[in-house]
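Each residue of the sequence shown is one higher than the one before, counting from 1247 in the numbering used here. Where a beta carbon is used, it is the ideal one built from N, C-alpha and C, also for glycine. Note that this is a predicted model, so its numbers are computed, not measured.
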Amino acid sequence: MARGSGERPRRADVGGLRALAHPLRLRMLSLLTGTSMSAAEVARELGISHANASYHLRLLRDAGLLDVAGQEKIRGGVAIRYHHPADATARTSDPLETDLVVSALADELIRRAQQRDPEAAFRFTDAELWLRPEDWQRTSDAVMTASQTANKNAQPPHTPGTVQVSLSVAAFQMTQD
1247 MARGSGERPR RADVGGLRAL AHPLRLRMLS LLTGTSMSAA EVARELGISH ANASYHLRLL
1307 RDAGLLDVAG QEKIRGGVAI RYHHPADATA RTSDPLETDL VVSALADELI RRAQQRDPEA
1367 AFRFTDAELW LRPEDWQRTS DAVMTASQTA NKNAQPPHTP GTVQVSLSVA AFQMTQD
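Take a look at the structure:
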């Protein structure tokens, strides 16, 4: 069922996480955060075949990570438009599944960093810290607010007056040794 009808399809959490563990699907989700696009438009933007785009979009939709944003008639057919809502998440308690996603995210971050504008600011932070629970909650909330602000203001690819950016956020509580 499309999210536009009020609910996301019920799938096993692992299905969503497995869907994320593929570099092309991560790129699709990033692309579809700022706009809705058809498989043909996604294919053109990413330089892949229409069939390949359709296959991966279907997997993401079935995992509950994409909404159907509408349909339009094109040359006698119907094109489905997809959108990735910023609040769509996949969860698992399986460490192997998590490792697969983290690996795919790391590879995607490397790809993006290789395409960065050398003249533009590069902001990076990394820390392994011990925080009081209330400080962690405030930090986590601030990170989510910043991410939601960026996602809410995202524009379609190549919109005049915009710049392409990469925003990757991973914030999580660790187990204590």
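Cβ-heavy atom distance, residue i to the ligand FMN, below 8 Å
i       : result
Ser1412 : Here there are no bound small molecules, and the ligand FMN is not part of this structure.
Euclidean distance between Cα positions of residue i and residue j
i       : j       : result
Glu1365 : Gly1323 : 44 Å
Asn1397 : Arg1264 : 23 Å
Met1274 : Pro1406 : 21 Å
Asp1387 : Arg1321 : 46 Å
Val1389 : Gln1401 : 20 Å
Ala1359 : Ala1417 : 20 Å
Pro1341 : Lys1319 : 43 Å
Glu1374 : His1404 : 36 Å
Ala1392 : Gly1293 : 30 Å
Leu1266 : Leu1413 : 16 Å
Gln1394 : Ala1332 : 7 Å
Ala1289 : Val1409 : 21 Å
Ala1325 : Leu1305 : 17 Å
Arg1369 : Val1411 : 11 Å
Option in the options with minimal Cα separation from residue i
i       : options                   : result
Thr1281 : Ala1309, Asp1333, Arg1327 : Arg1327
Asp1423 : Trp1376, Thr1391, Leu1305 : Trp1376
Glu1343 : Arg1304, Gln1419, His1268 : His1268
Val1415 : Asp1308, Ala1352, His1329 : Ala1352
Residue range of the unbroken beta strand (DSSP E) whose run includes residue i
i       : result
Gln1383 : Run containing Gln1383: none in the beta strand (DSSP E); it sits in the alpha helix (DSSP H), 1379-1399.
Val1288 : That residue, Val1288, is in no beta strand (DSSP E); its alpha helix (DSSP H) goes 1285-1292.
Endpoints, alpha helix (DSSP H) assigned at residue i
i       : result
Leu1278 : Premise fails: Leu1278 is in no alpha helix (DSSP H) and is neither H nor E.
Ala1299 : 1296-1308
Entirely enclosed beta strand (DSSP E) segments - the stretch 1313-1384, minimum 3 residues: 1313-1320, 1323-1329
Stretch pair the stretch 1343-1357 + the stretch 1293-1301: three plus CB contacts closer than 8 Å: Of all C-beta pairs linking the stretch 1343-1357 to the stretch 1293-1301, fewer than three are shorter than 8 Å, placing the two stretches out of contact.
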